[in-house]
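**Q**
Residue numbers (this note's numbering): 191 to 710.
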């Protein structure tokens, strides 16, 4: 009769257990079920950047080029051995904005929607096209613009320009035929390269790229052709004028492209942005069957598929769906996919190129991103901005939201009562941080791309929000205990939210103080 009472007394005197959970450095996970998700992942990760050992509130943005009467939508970079220039285009004009500030007179009376830099023996040139306005293909030599001196093809329907095998290649709107110039040439007669019989699904040619691949006997360059129906044709060789020196390696179906600029160099690889995800061709095409799990976007595939179904426009005849875009920013160690929600609002899915962890950025409403002189630039509805600078967005707050994946706190299958939390953070200035603690897979944040604004913050979690004033003047580590408000449970998920234009924040880990219970 005494044993149950003794056991009850011992449980009442049981000390709390401290368990440390790293910050969600594994990044955003929109694939795995909550019960199978690693504790170092996040169900929601917005404006926090996952690094190897911390999760950091992302840097901000500031206006760089202003004075536009209509929204800038496209960015173009000219690179030569001695000169670099940055251009921005609205729907009706192009401006040089290399030095920033208020724009001057336009340099072209139309937009530039596709471009490529070409260096030959005679110098460095920029080919620029506006395929929807009946504008002739332009070429820029670093000082002046002129109509490209090319014969043998139509000059006002070019939708893609690429350099491969020392030749300039072009693809045209509503055509399945590629055109190329002679090796080392920027003018002269263009030669047709028909692909209609290669693309068995039909459609048109939308993109051309150069892919470097080590096939086992050294590196070789392949020319890649993409159709509007999602077929990718790979060619190997040197001289496309004959099949003896330029042969078809294979044709693969990966998924329909999301825009004309669906190919992007990434180190020695070539990335392909399709409705099925973002693929490195070196991994996707290792065998005759496409490896869809090789997509960079595999870990966020559910969210990516939802964004595609909501916000993509088919890349078909005459449709230039150019607001889905990609950019690699080496200085920040990330690549981003820009997802247009409306004509004036977009979000970015962002991947750490070192760890492969994903996050989302909001607050940067853009149609185009480019890297110029090692700095990140993007368009906004009223200006061209520089990103990844400072600790505020154009003077306004940066709002970061996280819901970390559920953790059993080192005691799987046992009920727990969490009493206290101690987030370990490095903060440069005092700022208010809000938190919420959910237990046992309580309903998570309804993450919807159409509701990424302040009105949705009240929907967070099912626990009671707490607040604490963290930090002080100067960067320092803070480790304050705060009281937890959550139901007893077997697993727990921590939500964190802050909004600041004054503080840099690094989240390192969180300590949980809890009392264990039984298995029932």
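A virtual CB, placed ideally from N, CA and C, is assigned to each residue, including glycine.
Using the beta-carbon count (16 or more within 10 Å), is residue 554 buried or exposed?
**A** Buried: at least 16 other Cβ atoms inside 10 Å.
**Q** Based on Cα-Cα distance, which residue from 369, 544 and 591 lies nearest to residue 242?
**A** The residue with the shortest Cα to Cα distance from residue 242 is 544.
**Q** Give me, in chain order, the residues of the same chain whose beta-carbon lies closer than 6 Å to that of residue 484; leave out the 5 immediate sequence neighbours on both sides.
**A** 473 and 474
**Q** I need the DSSP call for residue 357, collapsed to helix, strand or coil.
**A** strand
**Q** What did DSSP end up calling residue 289 once you bin it into helix, strand or coil?
**A** coil
**Q** Could you have a look at residue 501 and say whether DSSP puts it in helix, strand or coil?
**A** helix
**Q** For residue 579 and residue 441, I'd like the C-alpha separation in whole angstroms.
**A** 43 Å
**Q** Should residue 500 be labelled buried (16 or more other beta-carbon atoms within 10 Å of its own) or exposed?
**A** exposed
**Q** Got a sec, what are the start and stop residues for the alpha helix (DSSP H) residue 423 sits in?
**A** Here residue 423 belongs to no alpha helix (DSSP H); instead the beta strand (DSSP E) covers 421–427.
**Q** Do we get a CB-CB distance below 8 Å when we pair residue 560 with the residues of chain C?
**A** The structure shown contains no chain C, having only a single protein chain.
**Q** Since residue 351 and residue 372 should fall inside the 8 Å C-beta cutoff, what is the C-beta to C-beta distance between them, to a whole number of angstroms?
**A** Residue 351 to residue 372, Cβ: 16 Å. No contact.
**Q** Using a Cβ-Cβ cut-off of 7 Å (strictly less than) and excluding sequence neighbours within five positions of residue 763, which residues of its own chain qualify?
**A** The question about residue 763 has no answer here: the residues shown for the chain are numbered 191 through 710.
**Q** State the start and end residues of the unbroken alpha helix (DSSP H) segment that holds residue 473.
**A** 471–474
**Q** Rounded to the nearest angstrom, what separates residue 205 and residue 681 at their Cα positions?
**A** As the crow flies, the alpha-carbon of residue 205 is around 19 Å from that of residue 681.
**Q** DSSP three-state call for residue 450: helix, strand or coil?
**A** coil
**Q** Can you tell me which of the three DSSP states residue 224 falls into?
**A** helix
**Q** Cβ of residue 131 within 8 Å of Cβ of residue 564?
**A** The structure shown does not extend to residue 131, since the chain is modelled only from 191 to 710, so the question has no answer here.
**Q** Assuming residue 666 is part of the beta strand (DSSP E), what are its boundary residues?
**A** 666–668
**Q** Using only CA atoms, which one of 489, 255, 567 and 298 lies nearest to residue 519?
**A** 567
**Q** In the DSSP assignment, find the unbroken beta strand (DSSP E) run with residue 610 in it and report its ends.
**A** 606–617
**Q** Using the rule of at least 16 other Cβ atoms within 10 Å of the residue's Cβ for burial, across every protein chain shown, is residue 534 buried or exposed?
**A** Burial is judged here by how many other beta carbons sit within 10 angstroms of a residue's own beta carbon; residue 534 has fewer than 16 and is exposed.
**Q** With a cut-off of 8 Å, do at least 3 Cβ pairs link the stretch 331–344 to the stretch 374–381?
**A** yes
**Q** Rounded to a whole number of angstroms, what is the C-alpha to C-alpha distance between residue 487 and residue 245?
**A** 19 Å
**Q** Hey, how far is the Cα of residue 548 from the Cα of residue 431?
**A** 43 Å
**Q** Shortest alpha-carbon distance to residue 684 belongs to which of 691, 692, 693 and 673?
**A** 673
**Q** Nearest-angstrom Cα distance between residue 293 and residue 562?
**A** Distance from the CA of residue 293 to the CA of residue 562, rounded to the nearest whole angstrom, comes to 17 Å.
**Q** Taking just the CA atoms, how far does residue 233 sit from residue 595?
**A** Here the alpha carbons of residue 233 and residue 595 stand approximately 6 Å from one another.
**Q** On the DSSP letters alone, give me the boundaries of the beta strand (DSSP E) that residue 302 sits inside.
**A** That residue, residue 302, is in no beta strand (DSSP E); it is neither H nor E in DSSP.
**Q** Let me make sure I understand the geometry here. Which of 384, 606, 455 and 696 has the alpha-carbon closest to that of residue 209?
**A** 606
**Q** Using the Cα positions of residue 334 and residue 315, report the straight-line distance between them to the nearest angstrom.
**A** When rounded, the distance between both Cα atoms is 10 Å.
**Q** What is the rounded straight-line gap between the Cα of residue 469 and the Cα of residue 461?
**A** As the crow flies, the alpha-carbon of residue 469 is around 5 Å from that of residue 461.
**Q** Tell me residue 385's beta-bridge partners as DSSP assigns them.
**A** According to DSSP, which records beta bridges pairwise, residue 385 is partnered with nothing at all.
**Q** Are there 16 or more other CB atoms within 10 angstroms of the CB of residue 529, so buried, or fewer, so exposed?
**A** buried
**Q** With DSSP collapsed to three states, give me the class of residue 522.
**A** helix
**Q** Can you list, in chain order, the residues of its chain with a C-beta nearer than 6 Å to that of residue 321? Leave out the 5 residues immediately preceding and following it.
**A** Close CB contacts of residue 321 within its chain, under the 6 Å cut and outside five residues either way in sequence, are with 347, 348, 349 and 363 (chain order).
**Q** How do the stretch 611–623 and the stretch 270–278 stand: do at least 3 beta-carbon pairs fall below 8 Å, yes or no?
**A** Judged by Cβ distances under 8 Å, the stretch 611–623 makes no contact with the stretch 270–278, as fewer than three pairs qualify.
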